[in-house]
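Asker: Going down the list, the protein sequences come from chains A and B. Per numbering that gives the first Met the number 0, residue 0 is the first one in the first sequence, and the count goes up by one each step. Per numbering that gives the first Met the number 0, residue 0 is the first one in the second sequence, and the count goes up by one each step.
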Amino acid sequence: MSRAISGREARPLTSEVRVGGGQPLLQAINLEKLFPVKKGVFGKTVDHVHAVDGVNLTIFKGETLGLVGESGCGKTTVGRAVLRLTEPTGGKIMFEGKDITHLPQADIRGMRKRMQIVFQDPYSSLDPRMTVEGIVGEGFAIHGPPKGIGDVEFVRREKIHELIEQVGLSHDHLSRLPHEFSGGQKQRIALARALALDPDFIVLDEPTSALDVSVQAQALNLLKRLQEKLGLSFLFISHDLSVIEHMSDRIAVMYLGKVVETAPTREFMGNPLHPYTKALIGSIPIPDPLKRKDRKGIEGEVPSPINPPRGCRFHPRCSVAFNRCGWEGKDLVTHLTEVARVMSPKHAISKHVAGLRADGFVAYVDLHSPESLDTVRKWLETYAAEQRKKSALFDSVVAIDRFAGDREVVVPCKKMVVEVEIEAPGREGKEPPRMKSVRQKTTSMMVAREAAKMIEKTLDMDANLRSHNLILSVKPVQSTVVFKVLGPDSNLEKAVAELDSRLEPMRTRKEPLALAIGRGSIKRTRGPKTGLAVKLRAVEEPQMDDIGNGHQVACRLYDK
Amino acid sequence: MMPVTKPLLEIKGLTTQFFIQEGTVTALDKVDLTIYENESVGIVGETGCGKSMTAFSILRLVPHPGKITAGSIKFKGTELTALTADQMRGVRGQRISMIFQDAATALDPVFTVGYQLGEVISLHQNIYDKAALDKKSEDMLKLVKIAAPASVLKQYPHELSGGMKQRVMIAIALSCSPSLLIADEPTTALDVTIQAQILNLLKDLVRTTGSSMMLITHNLGVVAEVCDRICVMYAGRIVEDAETFELFANPKHPYTSGLLSAFPKLGERKEELTVIRGTVPDLMRLAPGCAFVDRCDKAMAVCRKERPNRVEVAPGHYVSCHLWTGGETSD
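#1: Less than 8 Å between the beta carbons of ALA102/B and GLY161/B, yes or no?
#2: Alpha carbon to alpha carbon, how far is TYR114/B from PHE99/B? Give it in angstroms, no decimals.
#3: Please go through the same chain and pick out, in chain order, the residues whose beta-carbon is closer than 7 Å to the beta-carbon of VAL48/A, but skip the five residues on each side of it.
#4: Does the beta carbon of MET445/A come closer than 8 Å to any beta carbon on chain B?
#5: If we cut at 8 Å on Cβ distances, does ASP190/B have a partner in chain A?
#6: Quick check on the DSSP output: the alpha helix (DSSP H) that includes LEU152/B runs from which residue to which?
#7: Can you check which of these residues, GLU137/A, ASP46/A, GLY256/A, is closest to LEU30/A by C-alpha distance?
#8: Would you say GLN217/A lies against chain B (beta-carbon separation less than 8 Å)?
#9: Considering only C-alpha positions, which residue in the set THR216/B, ILE171/B, ALA130/B, PRO253/B is nearest to LEU142/B?
#10: What's the gap between the Cα of THR100/A and the Cα of MET110/A?
#11: Below 8 Å CB to CB, which residues in the same chain sit around LEU259/B once its five sequence neighbours on both sides are set aside?
#12: For the segment 226 to 240 of chain A, which residues have a beta carbon sitting closer than 9 Å to at least one beta carbon of chain B?
#13: For a test of the three-state rule: what should DSSP assign to GLN226/A, helix, strand or coil?
#14: Just to confirm, is the Cβ distance from ALA182/B to LEU152/B under 8 Å?
#15: VAL301/A by DSSP, collapsed to three states: which one?
#16: Please report the straight-line C-alpha distance between CYS554/A and CYS311/A, rounded to a whole angstrom.
#17: Cβ closer than 7 Å: which chain B residues qualify as neighbours of ALA278/A?
#18: Taking C-beta to C-beta, are PRO286/A and ALA223/B nearer than 8 Å?
#19: Just tell me which of ILE67/B, THR14/B, VAL90/B, LYS164/B has its CA closest to the CA of THR77/B.
#20: GLU311/B by DSSP, collapsed to three states: which one?
#21: Return the Cβ separation of ALA195/A and GLY138/A in integer angstroms, given the expectation that the two are a contact with Cβ distance under 8 Å.
#22: Which residues does DSSP pair with GLY41/B in a beta bridge?
#23: Could you check what DSSP says for GLN104/A in three-state terms: helix, strand or coil?
#24: What residues from the segment 192 to 219 of chain A come within 8 Å of chain B, judged by C-beta to C-beta, listed N to C?
#25: Along the alpha helix (DSSP H) that carries TYR254/B, what are the first and last residues, could you check?
#26: Would you say ASP287/A faces chain B, with C-beta separation under 8 Å as the test?
#27: Taking only runs that begin and end inside the segment 56 to 85 of chain B, name each unbroken beta strand (DSSP E) of 3 or more residues, in chain order.
#28: Three-state secondary structure (DSSP) at GLN477/A?
#29: Comparing the C-beta of HIS245/A with each C-beta of chain B, is any distance below 8 Å?
#30: How many whole angstroms separate the CB atoms of PHE233/A and ARG309/A, which I take to be in contact at a CB cut-off of 8 Å?
#31: What did DSSP end up calling PHE180/A once you bin it into helix, strand or coil?
#32: Consult DSSP for CYS412/A and reduce its assignment to one of helix, strand or coil.
#33: Looking at the C-beta of PRO263/B, does it have a partner C-beta in chain A at a distance below 8 Å?
#34: Which one or two residues does DSSP pair with THR524/A in a beta bridge?
#35: Using a Cβ distance threshold of 8 Å, determine whether the segment 231 to 251 of chain A contacts the segment 65 to 84 of chain A, with at least three qualifying pairs required.
#36: Does ILE546/A come within less than 8 Å of chain B when only Cβ atoms are used?
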């Protein structure tokens, strides 16, 4: 049942369990939404908030997929992006096998008839100046009156009556205004509005988190009953795992813009695998004093999504993280300053060290003078050897060495033009969709960004290369990619040669990205002649792996 | 394990009313509540049931146009309702302190954490020496397990995360070693993982400092986890009051049992949740009988006419329901 999926790094979802023999209704493939962080007078984009960063989800017909996570993990953004209420910045959304990612707004409006949303806060999602009848019937004003026999107005009123009864309210509520209702009733009105156009799919974004327990139970039961009766599919978003478990056929857990685990509910509760999922389940207070336990929970707080941790995003808080989880320079710098306290005046090496900097999988140790390089290196090596056994962070240190601080490799990039075939929507009802070819242009700056990722992946992470774990700070700088190399100066030339030999076969295969990347050269820069760097093992983000039983998890512990 | 210690706070017949144009809202209706020394008591109920108003009444912070109209609040033998405003100020913060639900709004955004902590300490303990204040503030932040207390003291509330702000609030509340700590929904605005951290912290601190705690929440899981005794409130009245284990094992009031089964429990998936039908009654138009009568499946004729008295059905287990007062069964 795996659908052919094209696109960057997309992997077909092979063992999704079908619920009720259903077809995938909605698929999000590598969905990405970055919000720009702007700064300065001219509003220059300096960084991005990685709200949703490569999410794959499938929702089958008639099922409820529960999406759970802490605040700020991007679950609401996923819900909005699949409906294109916020435009995704990358990836694909397929609805009934049709790509709706780039559908023009006019066409997406037609699709909205079939995809609806119920928002979290019933107090602000209903127009206070419209009557219930106006709110529930608003969809008909846009999408045309409901189908039925007889007078249009009569059919419309009948339909609204039917809807309002379906959600457990009565006819005499129709002429009232939202402020006359309680929170639970308002949420029922919002649900009636969502149901008005007979949708197939509804995003429920924390529909009960503003409600009291007794009213929440009523609302949850109502949702279940309606789903059964009308054959709806739900994306149920909540931070409350107990509610998610009650409602969902399958559960997906998000952490910092990534889905880290998905599984059918029974499998999920019986056999949670990801350390974050386990901690999440363990943190929930259980209303039964007999099950009271001294829970350990997770230490620390969710890191910023602006510069999320490399490798596995959960590694800084994970209690079972090991040396392949993606320990970074910033983890090491934090350890050295806060635990080892190398910067406090009493410390043996503090008089040699001017500062500590982190950059990706490197920690730079700035020195007052190059003479003290060996002293500091020796201390670091001894310390790392001591800590290696008890700390996964030091276990992932691969090299402590000097590097040429005044020279770097600069790789120029050109702009890229690719011809792609896309499906152009035909005019509704008149023409079938047809294929047309479009020249897709990519600016040199965007090529540089892609190239930086590619260079780090090949040169630094490939264990077969001599440059393995020697590449420092690969960065796109305008239309070039710049990096430094650990070890003696000759390593720079070796890295340039290695990169070329890697790119050559790709160029002969006419791969557009490889063709857009030029030949690297060594340039002089400012900075001390030699510096000291601690290199940590560069790893990729863990990908979702199939465990069987429809269970997928993104964690290095379960690597095959 | 009923505590054999002395009662710390004794509330009898506490009634708080709001006089508004449309009429009188009875927010608290003859509330009886006793908190013993070294005890954690949970107050559970839904929105508008008077949980927070109980706390505000104890501290005499009932907002205008509300008034305490009847009843007594005895704290260590002192009648709080009879104190002057000045005397009351000596109680608040020093002997009874409170943690509010939303730490983000409870902390002043224009002062540093150090200033706000130091303010409380200098006010109640008459310490004015800057170095001594800083030392004491730092110790308080260490107590609530803040990793770098010296730097947090110099920071403003907006620089801290939600969990950190709540830790600062707890530090402020505990800075004068109060005998009673009132925590009003201390974890409602936080994520579950942070909630677990804060609850563990509160549990530890209450155990080590020997103060009593009144924990107000709508989350039954939280009270089950933390409290020794639980009071269930409904429409301004305490309907059931029992030790935690007893309450969860033998809920006597139909509202309590309804609430327990309406709560989705992790790992116990059911097809349908049990529902309490209807909604909370209007506090301005309460019938003379039991406030829960319209939503109760076991309602009898007497429930509409008379308000049930509080009876002890088991040692330390009190309930206000005609099912247990020996009222005749008739439907």
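No residue lacks a Cβ here, since even glycine has one placed at the ideal position from N, Cα and C.
Answerer: Per the coordinate set shown:
#1: Here residue 102/B refers to the residue found at position 103 of the second sequence. Here residue 161/B refers to the residue found at position 162 of the second sequence. Yes, Cβ-Cβ distance for ALA102/B and GLY161/B is below 8 Å.
#2: As a working note, residue 99/B is residue 100 in the second sequence. As a working note, residue 114/B is residue 115 in the second sequence. The C-alpha of TYR114/B is placed about 19 Å away from the C-alpha of PHE99/B.
#3: On the first sequence, residue 48/A is found 49 positions in, with the first residue counted as 1. Answer for VAL48/A: LEU33, PHE34, VAL36, PRO304, ILE305, listed in chain order.
#4: Stepping through the first sequence from its first residue, residue 445/A is reached at position 446. No, MET445/A lies away from the interface with chain B (no Cβ there is under 8 Å from its Cβ).
#5: Here residue 190/B is taken as the residue at index 191 of the second sequence, counted from 1. Cβ-Cβ to chain A under 8 Å: yes for ASP190/B.
#6: Here residue 152/B refers to the residue found at position 153 when the second sequence is read from its first residue. Per DSSP, LEU152/B belongs to the alpha helix (DSSP H) from 148 to 152.
#7: For the purposes of this step, residue 30/A is taken as residue 31 along the first sequence, with counting starting at 1. It is GLY256/A.
#8: Sequence index remark: in the first sequence, residue 217/A carries index 218 (1-based). Answer yes: the Cβ-Cβ gap between GLN217/A and chain B drops below 8 Å somewhere.
#9: Looking up residue 142/B in the second sequence gives position 143. Comparing Cα positions, the closest option is ILE171/B.
#10: Residue mapping note: residue 100/A aligns to position 101 of the first sequence, counting from 1. Residue mapping note: residue 110/A aligns to position 111 of the first sequence, counting from 1. In a straight line, the C-alpha of THR100/A is about 12 Å away from that of MET110/A.
#11: On the second sequence, residue 259/B is found 260 positions in, with the first residue counted as 1. Correct list, in chain order: LEU219, PHE247, PRO250.
#12: So the close ones are HIS238, ASP239, LEU240.
#13: Here residue 226/A corresponds to residue number 227 of the first sequence, with the count starting at 1. In the three-state reduction of the DSSP assignment, GLN226/A falls in the helix class.
#14: On the second sequence, position 183 is the one that residue 182/B refers to. On the second sequence, position 153 is the one that residue 152/B refers to. No, the Cβ-Cβ distance between ALA182/B and LEU152/B is not below 8 Å.
#15: Locating residue 301/A in the first sequence gives position 302, where the first residue counts as 1. Residue state, collapsed to three classes: coil.
#16: Against the first sequence, residue 554/A aligns to sequence position 555. Against the first sequence, residue 311/A aligns to sequence position 312. So the alpha carbons of these two residues sit roughly 7 Å apart.
#17: As a working mapping, residue 278/A is identified with position 279 in the first sequence. Neighbours of ALA278/A on chain B, chain order: THR192.
#18: Locating residue 286/A in the first sequence gives position 287, where the first residue counts as 1. Locating residue 223/B in the second sequence gives position 224, where the first residue counts as 1. Cβ atoms of PRO286/A and ALA223/B: closer than 8 Å.
#19: For the purposes of this step, residue 77/B is taken as the residue at position 78 of the second sequence. If we check each option's Cα against that of THR77/B, VAL90/B comes out closest.
#20: Residue 311/B sits at position 312 when you count from the first residue of the second sequence. In the displayed model, GLU311/B falls within a strand according to three-state DSSP.
#21: In the first sequence, the residue the question calls residue 195/A occupies position 196. In the first sequence, the residue the question calls residue 138/A occupies position 139. About 4 Å separates the two Cβ atoms, so the contact holds.
#22: One-based indexing of the second sequence puts residue 41/B at position 42. Residue pairing by DSSP places GLY41/B opposite LEU214/B, ILE229/B in a beta bridge.
#23: By 1-based counting over the first sequence, the position of residue 104/A is 105. Three-state result, GLN104/A: helix.
#24: ASP211, VAL212, SER213, VAL214, GLN215, ALA216, GLN217, LEU219
#25: Locating residue 254/B in the second sequence gives position 255, counting from the first residue. From DSSP, the alpha helix (DSSP H) with TYR254/B extends over 253 to 261.
#26: Your numbering for residue 287/A matches position 288 in the first sequence. Closer than 8 Å to some Cβ of chain B, the Cβ of ASP287/A qualifies, so yes.
#27: 65 to 74
#28: Within the first sequence, the letter at position 478 stands for residue 477/A. Of the three classes helix, strand and coil, the one that applies to GLN477/A here is coil, per DSSP.
#29: Translated into positions along the first sequence, residue 245/A becomes position 246. Output row for HIS245/A: interface = yes.
#30: Numbered from its first residue, the first sequence carries residue 233/A at position 234. Numbered from its first residue, the first sequence carries residue 309/A at position 310. The pair is not a contact, with the Cβ atoms about 34 Å apart (cut-off 8 Å).
#31: Here residue 180/A refers to the residue found at position 181 of the first sequence. Note: PHE180/A maps to coil in three-state DSSP.
#32: Residue mapping note: residue 412/A aligns to position 413 of the first sequence, counting from 1. The answer is strand: DSSP assigns CYS412/A an E or B state.
#33: The residue given as residue 263/B occupies position 264 in the second sequence. Yes, its Cβ sits closer than 8 Å to a Cβ of chain A.
#34: The residue you call residue 524/A lines up with position 525 of the first sequence. DSSP, once it has assigned bridges, lists no residue as partnering THR524/A.
#35: Judged by Cβ distances under 8 Å, the segment 231 to 251 of chain A makes contact with the segment 65 to 84 of chain A, as three or more pairs qualify.
#36: Looking up residue 546/A in the first sequence gives position 547. It does not; no Cβ of chain B falls within 8 Å.
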